[in-house]
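Heads up, the sequence shown is in UniProt numbering, so the first residue is 1 and it goes up one at a time. A virtual CB, placed ideally from N, CA and C, is assigned to each residue, including glycine. Below is one structure, written out as structure tokens; comments come after it.
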Amino acid sequence: MAAYAALLSLARTIRLILHNHHHSIFFQQFNQQIDHLLEQTTLLQAFLEDFPHGDDGLQPRIRDVASEAEGVVQDFLSKQIQIRLKSARRSQDVQLQTHQENISDVHQKLQKVTKGMDSIVGQLMKSTKDSTKGENLLKHRDSSSASSSSGLVTPTAGRHVVVGFEDDLMTIKHRLCGQSSKLQVVPILGMGGIGKTTLARTAYDDQLVMEHFQIRAWVKVSQDYSIQEILSNLLVSIKPSNENQCDELLAENVYKGLKGMRYLIVVDDVWSTKAWDDVKMIFPDDDNGSRIIVTTRLLDIATYAQFSSSSAPHEVHFLDEDQSWNLLRQMVFKQEDCPVELEKIGKLIARSCGGLPLAIVVIAGLLYTVGRTQASWEDIAENVNVAVTTNYEQFAKILSLSYIHLPQHLRPCFLYMGGFPEDYEIHVWKLIKLWVAEGFIKSSESKSFEEEAEEYLEDLVKRSLVLVTKRKPNGKIKICGIHDLVRDLCIRKAEEEKFLHRYVGEMLHENMKYQHRISIMHFNLNSLHNMYGSTIHAIICFQCRDSAPAHSQYCSLLRNFRMLKILDVVNSARVDLLPEVFELFHLRYLAVG
Numbered sequence: 001m002a003a004y005a006a007l008l009s010l011a012r013t014i015r016l017i018l019h020n021h022h023h024s025i026f027f028q029q030f031n032q033q034i035d036h037l038l039e040q041t042t043l044l045q046a047f048l049e050d051f052p053h054g055d056d057g058l059q060p061r062i063r064d065v066a067s068e069a070e071g072v073v074q075d076f077l078s079k080q081i082q083i084r085l086k087s088a089r090r091s092q093d094v095q096l097q098t099h100q101e102n103i104s105d106v107h108q109k110l111q112k113v114t115k116g117m118d119s120i121v122g123q124l125m126k127s128t129k130d131s132t133k134g135e136n137l138l139k140h141r142d143s144s145s146a147s148s149s150s151g152l153v154t155p156t157a158g159r160h161v162v163v164g165f166e167d168d169l170m171t172i173k174h175r176l177c178g179q180s181s182k183l184q185v186v187p188i189l190g191m192g193g194i195g196k197t198t199l200a201r202t203a204y205d206d207q208l209v210m211e212h213f214q215i216r217a218w219v220k221v222s223q224d225y226s227i228q229e230i231l232s233n234l235l236v237s238i239k240p241s242n243e244n245q246c247d248e249l250l251a252e253n254v255y256k257g258l259k260g261m262r263y264l265i266v267v268d269d270v271w272s273t274k275a276w277d278d279v280k281m282i283f284p285d286d287d288n289g290s291r292i293i294v295t296t297r298l299l300d301i302a303t304y305a306q307f308s309s310s311s312a313p314h315e316v317h318f319l320d321e322d323q324s325w326n327l328l329r330q331m332v333f334k335q336e337d338c339p340v341e342l343e344k345i346g347k348l349i350a351r352s353c354g355g356l357p358l359a360i361v362v363i364a365g366l367l368y369t370v371g372r373t374q375a376s377w378e379d380i381a382e383n384v385n386v387a388v389t390t391n392y393e394q395f396a397k398i399l400s401l402s403y404i405h406l407p408q409h410l411r412p413c414f415l416y417m418g419g420f421p422e423d424y425e426i427h428v429w430k431l432i433k434l435w436v437a438e439g440f441i442k443s444s445e446s447k448s449f450e451e452e453a454e455e456y457l458e459d460l461v462k463r464s465l466v467l468v469t470k471r472k473p474n475g476k477i478k479i480c481g482i483h484d485l486v487r488d489l490c491i492r493k494a495e496e497e498k499f500l501h502r503y504v505g506e507m508l509h510e511n512m513k514y515q516h517r518i519s520i521m522h523f524n525l526n527s528l529h530n531m532y533g534s535t536i537h538a539i540i541c542f543q544c545r546d547s548a549p550a551h552s553q554y555c556s557l558l559r560n561f562r563m564l565k566i567l568d569v570v571n572s573a574r575v576d577l578l579p580e581v582f583e584l585f586h587l588r589y590l591a592v593g
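So, in structure tokens, the structure goes:
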């Protein structure tokens with residue numbers, strides 16, 4: 001949704017300025033207008049979230065006004081910074097005159113875009129005859145951020161379907177009820193949506209497991225955890241109490257309640273070693289076969305949580321095609337047989353979900369609602385990627401947690417992965433050179449940029465965001481890639497944050513203002529000579545269909561993109577180094593041929 005993306009980008013730009021002391025100083029004269037603009041932007045954003053298909057005719061206006069507003073803000077900020085930089089070479093009178101001219105100009109432009117935003121909001125209010133919809137639009141000013149997810153709505157909601165995880169379940173049950181009397185931690189590792197919590201919950205609720213342990217308790221940690229809430233939830237399962245207690249007393253009572261008992265505790269969704277350190281000391285080891293299940297997306301956490309290295313973390317893998325189909329079939333038909341005419345198309349749909357259980361569950365919900373007709377299923381199959389994208393909001397919160405929790409220095413490296421084609425084998429030597437050229441890698445006294453970049457990549461692998469395809473004999477990663485749905489997340493986030501834009505076969509727009517990186521796939525490079533982009537500093541081409549572009553066309557290309565840091569046309573027809581290349585003073589990475 002272009003309108004929604006434009007609103008997101010505008011809101012992000014304004015908030016970044018307001019939170020930056022040096023930048024916010026420039027906007028002191030416009031505080032009221034900026035605050036109002038942000039308020040209206042948030043309101044429209046909330047409306048589109050609740051009613052994505054409502055008032056489609058207004059969406060182009062919303063997109064245009066939001067984009068124009070962001071342009072005004074960014075242009076003014078850029079000019080003010082330039083004035084500051086040139087101040088030493090200009091007289092004070094000239095500086096003051098230039099500053100006043102800019103203030104007057106931006107004031108008029110902000111008035112224009114604010115009126116445009118107000119007009120759209122007013123039209124929405126007037127055209128919204130449904131009182132509930134109108135009330136929701138008004139209420140979102142305060143309540144949109146407080147709304148909670150109701151979870152996945154599927155034909156088998158509430159049941160723990162473990163199709164494809166039968167062997168995993170047997171392994172977990174064996175580790176829980178095995179002969180060892182020592183306290184053991186059973187880490188379950190995997191990416192978001194892979195089925196870690198479902199697997200843990202199914203084992204937790206298994207009749208044999210329930211009979212084996214005297215006490216069972218389940219606590220969810222997540223990234224923003226409260227130790228008091230964790231301890232309170234544990235205590236409720238062990239010894240119910242209505243008393244308000246401090247953390248120390250809660251920990252003591254939990255420890256006493258578990259002392260001497262064979263217990264099973266599930267610590268779900270652990271994101272940091274600190275979170276584990278905060279809870280592990282309350283679990284007594286009485287040599288009676290007690291167990292703790294820890295679910296996490298991070299290999300470091302899974303390894304750290306083990307009391308001993310006697311057994312590796314249990315990693316949950318993607319489903320194969322047969323398992324994917326079995327899960328989809330069970331979710332849609334439960335105990336019934338699938339009609340013969342739907343089986344072939346159903347298998348195609350299941351295969352398109354990429355082996356991720358959460359995607360299969362969402363698609364199963366769609367199939368359940370559209371009915372059991374061949375035409376409706378074929379429609380879903382033809383648009384299965386769109387179907388996943390449309391329902392992405394239902395599981396994006398889970399996948400997005402991996403991105404939200406990324407340290408700042410890893411985010412650009414992760415988003416960069418979205419610029420590669422689907423199922424592309426990414427050679428690490430090239431990826432690292434691109435990261436370094438972009439300036440993503442921090443300098444280190446003890447390591448080279450390349451060594452530091454290799455650690456960044458290993459960190460992304462440990463977080464289950466990047467897949468290792470092949471390693472070198474020395475153990476270092478040689479070829480890597482990302483799962484299709486993780487790539488979708490990369491692309492979405494990159495587009496939302498104006499980080500990278502992909503062109504796949506469509507015509508490029510002549511004005512690519514505010515784009516910084518473009519990734520071109522299945523495109524004729526000849527058309528690039530018509531483009532200009534003063535803000536673009538990276539062009540990467542894949543599978544270009546060129547017929548030996550003329551020398552003049554490459555010259556035109558280089559003249560139009562003076563801010564280039566990266567130019568990769570290695571997959572196009574061979575081109576000799578041109579004199580114009582040496583005029584690209586910011587160029588750090590060049591690949592031709």
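- Between the alpha carbons of residue 486 and residue 104 lies a gap of roughly 46 angstroms.
- Three or more Cβ pairs drawn from the segment 352-369 and the segment 326-337 lie within less than 8 angstroms of each other, which places the two stretches in contact.
- Rounded to whole angstroms, the separation of the alpha carbons of residue 314 and residue 234 is 24 angstroms.
- Cβ-Cβ distances below 7 angstroms link residue 379 to nothing in the same chain once the five nearest sequence neighbours on each side are left out.
- In this structure, DSSP gives residue 565 a state outside helix and strand, which the three-state scheme calls coil.
- Closest in alpha carbon position to residue 68, among 116, 538 and 169, is 116.
- Residue 111 holds the alpha-carbon nearest to the alpha-carbon of residue 30 among 57, 111 and 7.
- Counting along the chain, no alpha helix (DSSP H) covers residue 521; the unbroken beta strand (DSSP E) around it starts and ends at 517-521.
- Of the residues 538, 121 and 411, the one whose Cα lies closest to the Cα of residue 48 is 121.
- In this model, residue 517 and residue 570 are separated by some 17 angstroms (Cα to Cα).
- Annotation: residue 360 to residue 348 spans about 12 angstroms, alpha carbon to alpha carbon.
- In this structure the segment 169-180 does not lie against the segment 468-476, because fewer than three pairs of beta carbons, one per stretch, are closer than 8 angstroms.
- Within the model, the alpha-carbon separation for residue 356 versus residue 488 is close to 13 angstroms.
- In the DSSP assignment, residue 217 falls outside any alpha helix (DSSP H) and lies within the beta strand (DSSP E) extending over 215-220.
- Cβ neighbours of residue 10 within its own chain (closer than 7 angstroms, five residues either side excluded): 41, 66, 69 and 70.
- Remark: C-beta atoms of residue 231 and residue 217 do not approach each other more closely than 7 angstroms.
- For residue 478, the uninterrupted beta strand (DSSP E) run begins and ends at 477-481, by DSSP.
- Between residue 247 and residue 223, the C-beta gap is not smaller than 7 angstroms, which leaves the two residues out of contact.
- Pairing residue 564 with residue 520, the inter-Cα distance amounts to about 15 angstroms.
- The C-beta distance from residue 566 to residue 437 rounds to 5 angstroms, short enough to meet the 8 angstroms contact threshold.
- Put simply, of 38, 72, 123 and 15 the residue whose alpha carbon is nearest the alpha carbon of residue 59 is 123.
- Bounds of any alpha helix (DSSP H) do not take in residue 282, whose DSSP letter is neither H nor E.
- Comparing C-alpha distances from residue 433 to each of 474, 452 and 463 shows the shortest one belongs to 452.
- Residue 589 has 566 as its beta-bridge partners, per DSSP.
- Under the DSSP assignment, residue 538 falls in the beta strand (DSSP E) whose first and last residues are 538-542.
- For residue 439 and residue 587, the gap between their C-alpha atoms comes out near 12 angstroms.
- Leaving aside the five residues that flank residue 591 on each side, the residues in its chain whose CB is nearer than 6 angstroms to its CB run, in chain order, 568 and 570.
- In the DSSP assignment, residue 368 falls within the alpha helix (DSSP H) that extends over 357-370.
- Each of 265, 76 and 202 was checked against the Cα of residue 108, and the nearest Cα belongs to 76.
- Between residue 300 and the set 264, 208, 183 and 190, the nearest pair of CA atoms involves 190.
- Per the coordinates, the alpha-carbon of residue 407 lies some 18 angstroms from the alpha-carbon of residue 491.
- The closest CA to that of residue 322, considering only 351, 334 and 449, is found on 351.
- For residue 339, the secondary structure class from DSSP, reduced to helix, strand or coil, is coil.
- Annotation: residue 502 to residue 368 spans about 33 angstroms, alpha carbon to alpha carbon.
- Nearest to residue 279 by alpha-carbon distance, out of 289, 220, 126 and 373, is 220.
- The alpha-carbon of residue 253 is positioned some 55 angstroms away from that of residue 377.
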